[in-house]
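K.L.:
Counted from 1, the sequence shown has number 268 at position 268 by the UniProt record's numbering; the numbering is strictly sequential. Could you have a look at this structure, given as structure tokens, before my questions?
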Amino acid sequence: MGIPETRENNKSESEVEAQGDDLPVLTTTTERRLMAKVDWHVVPCLCVLYLLAFIDRVNISNAALLGLKEDLNIEKGMKYNTALTIFFVPYVVFEIPSNILLKKMKPHVWLSLCMFGFGLVMVCQGLVSNWGGLMTTRWFLGMFETGMFPGCFYLMGMWYKRSEAQKRFSFFFSSTTLAGAFGGLLAYGLGQMDGLRGYRGWRWVFIIEGVLTCVVAIVWFFLLPDFPEDVKWLNEEERAYLRAKLAKDTGKAAGHASLGIRDILEVFKDWKIFIGSFMYFGQIVTAYGELLGWVNG
Numbered sequence: 001m002g003i004p005e006t007r008e009n010n011k012s013e014s015e016v017e018a019q020g021d022d023l024p025v026l027t028t029t030t031e032r033r034l035m036a037k038v039d040w041h042v043v044p045c046l047c048v049l050y051l052l053a054f055i056d057r058v059n060i061s062n063a064a065l066l067g068l069k070e071d072l073n074i075e076k077g078m079k080y081n082t083a084l085t086i087f088f089v090p091y092v093v094f095e096i097p098s099n100i101l102l103k104k105m106k107p108h109v110w111l112s113l114c115m116f117g118f119g120l121v122m123v124c125q126g127l128v129s130n131w132g133g134l135m136t137t138r139w140f141l142g143m144f145e146t147g148m149f150p151g152c153f154y155l156m157g158m159w160y161k162r163s164e165a166q167k168r169f170s171f172f173f174s175s176t177t178l179a180g181a182f183g184g185l186l187a188y189g190l191g192q193m194d195g196l197r198g199y200r201g202w203r204w205v206f207i208i209e210g211v212l213t214c215v216v217a218i219v220w221f222f223l224l225p226d227f228p229e230d231v232k233w234l235n236e237e238e239r240a241y242l243r244a245k246l247a248k249d250t251g252k253a254a255g256h257a258s259l260g261i262r263d264i265l266e267v268f269k270d271w272k273i274f275i276g277s278f279m280y281f282g283q284i285v286t287a288y289g290e291l292l293g294w295v296n297g
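Right under this line is the structure:
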């Protein structure tokens with residue numbers, strides 16, 4: 001004897017999951033399709049952004065191989081190493097202020113502005129004539145790039161649950177690997193322009209990559225998504241579902257609560273922050289130390 005078909009028997013997978021999680025029901029799509037749409041609009045934009053930021057940050061090593069140190073007379077002593085190091089001073093100092101500004105402004109405005117800024121600085125770096133000019137451009141490069149890494153992480157946190165974000169973070173980090181592989185090949189090709197219009201090859205590396213970054217920044221101003229409640233490619237049902245899911249996962253952290261000094265100080269009371277920081281410190285020291293040793297070698 002067959003079982004009568006009722007509405008309870010015919011519930012879609014999305015309805016069952018939504019009711020089990022106490023979330024709004026999706027009737028026009030499934031959660032998998034919704035998250036695929038979010039992935040397509042969010043992850044590639046942030047990966048390209050960080051890819052260009054990382055290329056612009058480390059291309060000085062390729063420029064050094066193309067004659068930068070000789071032309072600026074910084075082969076001896078600590079001048080070259082100091083130019084590498086000074087980048088990280090504003091990079092560290094301005095990270096928290098950058099995210100505060102990100103919350104006050106739209107992400108597509110702030111991140112695109114930072115991106116255009118470090119692209120413009122990169123062009124200027126291709127025009128420097130001495131060590132002082134190199135130090136100045138490296139300082140401003142660090143200042144503009146400081147918002148990229150924490151800003152991208154913050155924006156991802158506004159779209160994904162903590163359990164969902166991990167896989168997206170792995171794709172985001174992979175863009176740095178691609179930058180290392182692609183950046184060297186690009187620098188080699190640009191280095192062949194040595195002598196064109198009186199500029200050395202290493203200058204063209206900075207200029208062309210800087211112009212490319214500025215162009216992408218202008219395009220990204222229109223493509224980079226803000227928060228779920230702001231974008232036009234979500235309907236009201238999808239928007240409500242994402243809001244409810246994030247609120248259930250992170251509570252007030254998923255909202256736009258004001259950020260004050262007390263909130264910042266609370267971060268330093270969490271021991272997990274320090275453990276994660278030391279782990280990342282070990283990873284970055286190894287990566288940058290290997291890069292520096294390769295260039296100096």
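Don't be surprised by glycine CBs; every beta carbon is placed ideally from N, CA and C. Everything numeric in this text was worked out from a predicted model, so none of it was measured.
Starting from Met158, follow the alpha helix (DSSP H) in both directions and report where the run begins and ends.
P.N.:
The residue labelled residue 158 in the question sits at position 158 within the sequence shown. Taken as a continuous stretch (DSSP letters only), Met158 belongs to no alpha helix (DSSP H), as it is neither H nor E.
K.L.:
What are the start and end residues of each continuous beta strand (DSSP E) run of 3 or more residues lying completely inside the region 174-232, in chain order?
P.N.:
Listed in chain order, there is nothing to give.
K.L.:
Kindly provide the ranges of any alpha helix (DSSP H) runs that are 4 or more residues long and lie completely inside the region 19-59, ordered along the chain.
P.N.:
Listed in chain order, nothing qualifies, since the region 19-59 has no complete alpha helix (DSSP H) run of 4 or more residues.
K.L.:
Go to Met122, then tell me how far its alpha helix (DSSP H) extends in each direction, as first and last residue.
P.N.:
The sequence position of residue 122 within the sequence shown is 122, counting from 1. Unbroken alpha helix (DSSP H) run through Met122: 107-125.
K.L.:
The alpha helix (DSSP H) spanning Glu75 covers which residue range?
P.N.:
As a first step, residue 75 must be located in the sequence shown, where it is residue number 75. Here Glu75 belongs to no alpha helix (DSSP H), and DSSP marks it neither H nor E.
K.L.:
With distances taken between CB atoms, is the gap from Ile208 to Leu190 smaller than 7 Å?
P.N.:
One-based indexing of the sequence shown puts residue 208 at position 208. One-based indexing of the sequence shown puts residue 190 at position 190. Yes, the pair counts as a contact, with Cβ atoms nearer than the cut-off.
K.L.:
Give every residue of the same chain whose Cβ lies closer than 8 Å to the Cβ of Ile284, excluding the five residues on either side of it in the sequence, and list them in chain order.
P.N.:
Locating residue 284 in the sequence shown gives position 284, where the first residue counts as 1. The answer is none, since no qualifying residue turns up.
K.L.:
Counting only the same chain and skipping the five closest in sequence on each side, list residues whose C-beta sits under 8 Å from that of His41.
P.N.:
Within the sequence shown, the letter at position 41 stands for residue 41. Closer than 8 Å at Cβ, skipping near neighbours: Pro225, Val231, Trp233.
K.L.:
Under 7 Å between the Cβ atoms of Phe206 and Gly126?
P.N.:
Residue 206 sits at position 206 when you count from the first residue of the sequence shown. Residue 126 sits at position 126 when you count from the first residue of the sequence shown. In this structure, Gly126 lies closer than 7 Å to Phe206 by Cβ.
K.L.:
If you run the structure through DSSP and keep just helix, strand and coil, what is Asp249?
P.N.:
For the purposes of this step, residue 249 is identified with residue 249 of the sequence shown, where counting begins at 1. Asp249 falls in the helix class under three-state DSSP.
K.L.:
Excluding the 5 residues flanking Ala53 on each side, which residues of the same chain have their C-beta closer than 6 Å to its C-beta?
P.N.:
Residue numbering aside, residue 53 sits at position 53 when the sequence shown is read from its first letter. The answer, listed in chain order, is Glu145, Met148.
K.L.:
In three-state DSSP terms, what is Gly67?
P.N.:
Here residue 67 corresponds to residue number 67 of the sequence shown, with the count starting at 1. DSSP places Gly67 in coil when its eight states are reduced to three.
K.L.:
Given that a residue counts as buried once 16 or more other Cβ atoms are within 10 Å of its Cβ, and exposed if not, what is Ile60?
P.N.:
Translated into the one-based positions of the sequence shown, residue 60 becomes position 60. With 16 or more Cβ atoms within 10 Å of its Cβ, Ile60 is classed as buried.
K.L.:
Would you report the Cα separation of Ala253 and Asn235, rounded to the nearest angstrom?
P.N.:
Walking along the sequence shown from the start, residue 253 turns up at place 253. Walking along the sequence shown from the start, residue 235 turns up at place 235. Since pLDDT at Ala253 reaches only 49, below the 50 mark, its modelled position is unreliable, and no value is offered.
K.L.:
Which whole-angstrom value describes the C-beta separation of Leu186 and Met115, a residue pair presumed to lie in contact below a C-beta threshold of 8 Å?
P.N.:
Position 186 of the sequence shown, counting from 1, holds the residue named residue 186. Position 115 of the sequence shown, counting from 1, holds the residue named residue 115. Leu186 to Met115, Cβ: 18 Å. No contact.
K.L.:
Which residues in the same chain as Arg203 place their Cβ atom closer than 6 Å to its Cβ, once the five residues preceding and following it in sequence are excluded?
P.N.:
Within the sequence shown, the letter at position 203 stands for residue 203. Hits under 6 Å: Gly126.
K.L.:
Below 8 Å on the Cβ atoms is my contact criterion, and I expect Gly142 with Tyr91 to pass it. Report the Cβ-Cβ distance as a whole number of Å.
P.N.:
Here the question's residue 142 lines up with position 142 in the sequence shown. Here the question's residue 91 lines up with position 91 in the sequence shown. Indeed they touch by this definition, with Cβ atoms about 4 Å apart.
K.L.:
Return the CA-CA distance between Gly212 and Asp39, expressed in angstroms with no decimal places.
P.N.:
To locate residue 212, count along the sequence shown from 1; it is residue 212. To locate residue 39, count along the sequence shown from 1; it is residue 39. Residue identity check: residue 212 is Leu in the sequence provided, not Gly. Approximately 24 Å between the Cα atoms of the pair.
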